[in-house]
Amino acid sequence: MPNPKFENALRCLPQSVPPIWMMRQAGRYHSHYQNLRKKHSFEELCKIPELAAEVAFGPVDDFGFDTAILFSDILFPLEALGMGLKFGDEGPKLGWQLGGLEDLKRMHPLEQAVDFMGFQKTAVSLTRKRIPEDRSLIGFVGGAWTLFCYATLGKHDGNLVLPKVSKSLRQGFYEKIIPLLKENIRLQLEGGAEVVMVFDTAGGDSSPGFFDEAILPPLKELVQAFPGKIGYYAKALPSPSLDKVRSLSGLLGFGVDHRIDLTELFGNGRQFIQGNFDQAMLFLDPVDFRTYLLEWLRPFLDLPPEKRAGWVCGLGHGVLPKTPEANVRTFVKTVREVFA
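This is the structure we're talking about:
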């Protein structure tokens, strides 16, 4: 059975206490992850399904989050297409990058790439078995645009001139990556994920016109392929682009970062809304943190449950490395106490 609070949020049903889920809730800040990392590489934690399930289980068990999320990385589809991928102290590094249309011919065929991604389906299935029955499970893939930025630049931020001006290369890449993302989503849903988030981190670094041209169409294609199963998140997404996302028929919900006044987005009754406490403020000392958190929650407390139906309480981005575990625990406990 899915988590009742999360299920209510997905269905936009009023409830007093919102479900709580944080992006990157399983990661470097958490002692459970750190202990596993002493014995295994990051790639092993992702690609060995039993280990991925254990990592995802850790924060649900420790902090009591309402949902778990697949422990993996958005870049594995690029490795599946033959681009190579290694993780080191400086982060992920591809074996090669797209420089022109000829490079697309180096990519593996779809069937081979889908076969490579099978470990994620198994990881989702084992995570479902590892977490308590009353917790929900989220899957995820990277957005096509963000993956294109990685494929051409080896990163998703900074100077995005090359991916922005390479229209024909982008279209060719989309012809490769979108079918793979569809199959990747299908694998995760078959494994037991209730919703699959599309993390399009670079999506906010674009003009409204470019968003309409290059970023929205692949998202729309994924939503149409899996209506009622897809959520979307892009960091620092401007309001015009966010409005286009919200208007997508079949989109289950979306997340926003801490730059947005979340209370202004409530009320359409069609989509869940995830967010959006500033993750940096988790570094406050414990007393100041609780004071700040209570002040942040005040506008939500002023709204009746039906006005904030669909809210999934969490952060504006992922939990940062070295975040104090005690404040994460306080966040979960305080939210549940004040809304009870």
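In my numbering, the protein residues as written are 3 to 342. Glycine is no exception: its CB is placed at the ideal position from the N, C-alpha and C atoms.
Notebook entry, point to check: From Ser241, Glu223, Thr129 and Asp202, pick the residue whose C-alpha is nearest to that of Gln190; which is it?
Noted result: Thr129
Notebook entry, point to check: How far does the alpha helix (DSSP H) with Gly60 in it reach, from first residue to last?
Noted result: Pro51 to Phe65 is the extent of the alpha helix (DSSP H) around Gly60.
Notebook entry, point to check: Per DSSP, what kind of secondary structure is Phe268 in: helix, strand or coil?
Noted result: In the structure shown, Phe268 adopts coil according to DSSP, grouped into three states.
Next item on the list: Check the DSSP bridge columns for Ala70 and list the partner residues they point to.
Entry: Leu139
Check: How close, in whole Å, do the beta carbons of Lys246 and Asp214 come, if the pair is a contact with beta carbons under 8 Å?
Finding: Confirmed, about 7 Å.
Checklist line | Rounded C-alpha distance that separates Leu244 from Ser138 | finding: Approximately 26 Å between the Cα atoms of the pair.
Notebook entry, point to check: Considering only residues of the same chain and omitting the five flanking positions on each side of Leu164, which have a CB-CB separation below 7 Å?
Noted result: Thr154 and Leu155
Margin query: DSSP has Asn278 in a bridge; who is on the other side?
Written below: Looking at the DSSP assignment, Asn278 forms a beta bridge with Gly316.
Notebook entry, point to check: Can you tell which of Gly233, Tyr294 and Lys324 has its C-alpha closest to the C-alpha of Tyr312?
Noted result: Looking at the sequence shown, residue 312 is not Tyr but Gly. Ranking the options by Cα distance to Gly312, first place goes to Gly233.
Checklist line | Proximity to Glu135 [Cα-Cα], best of Val143, Glu92, Gly97 and Thr69 | finding: Thr69
Note to self: What does the alpha-carbon distance come out to for the pair Leu286 and Ala28?
What the structure shows: 20 Å
Notebook entry, point to check: Nearest to Leu296 by alpha carbon, out of Ile22, Thr332, Phe78 and Phe274?
Noted result: That would be Thr332, whose Cα lies nearest to the Cα of Leu296.
Margin query: DSSP three-state label for Gly145, please.
Written below: coil
Next item on the list: Assuming Pro94 and Leu72 form a contact by the criterion Cβ under 8 Å, report the distance between their Cβ atoms to the nearest whole angstrom.
Entry: Incorrect: roughly 17 Å between the Cβ atoms, too far for contact.
Note to self: Using a Cβ-Cβ cutoff of less than 6 Å, which residues in the same chain neighbour Ala11 once the five nearest sequence positions on both sides are dropped?
What the structure shows: Pro21, Phe274, Gly312 and Val314
Note to self: Tell me which residues share the same chain as Leu106 and place their Cβ nearer than 6 Å to its Cβ, disregarding the 5 neighbours each side in the sequence.
What the structure shows: Gly174
Next item on the list: Could you tell me whether the Cβ atoms of Arg300 and Thr336 are closer together than 8 Å?
Entry: no
Notebook entry, point to check: If we count the other Cβ atoms within 10 Å of its Cβ and call it buried at 16 or more, is Gln114 buried or exposed?
Noted result: exposed
Notebook entry, point to check: At what residues does the alpha helix (DSSP H) containing Leu164 begin and finish?
Noted result: Val163 to Val167
Check: In or out: Pro306 buried (at least 16 other Cβ within 10 Å) or exposed?
Finding: exposed
Notebook entry, point to check: Which residue's Cα is closest to the Cα of His260: Pro6, Val116, Met25 and Leu317?
Noted result: Leu317
Item checked: Which of helix, strand or coil DSSP assigns to Val126 -> helix
Item checked: Through-space distance from Leu47 to Glu339, alpha-carbon basis -> 34 Å
Check: Going by the beta-carbon positions, is the gap between Gln1 and Gly257 smaller than 8 Å?
Finding: Residue 1 lies beyond the range of the chain shown here (3 to 342); nothing can be said about it.
Check: Taking the C-alpha atoms as reference points, what is the distance between Gln226 and Met199?
Finding: Distance between the alpha carbons of Gln226 and Met199 is about 14 Å.
Next item on the list: Tell me whether Lys38 sits in a helix, a strand or coil according to DSSP, three-state version.
Entry: The sequence as given places Leu at residue 38; Lys does not occur at that position. Leu38: helix per DSSP, three-state reduction.
Check: Excluding sequence positions up to five away, which residues of its chain have a Cβ less than 7 Å from the Cβ of Glu52?
Finding: Leu128
Margin query: Between the alpha carbons of Ser43 and Glu266, how many angstroms are there, rounded?
Written below: 42 Å
Notebook entry, point to check: Can you find a C-beta in chain D that's less than 8 Å from the C-beta of Gly102?
Noted result: Included in the structure is just one protein chain, with no chain D present.
Item checked: Straight-line Cα distance separating Phe201 from Phe268 -> 21 Å
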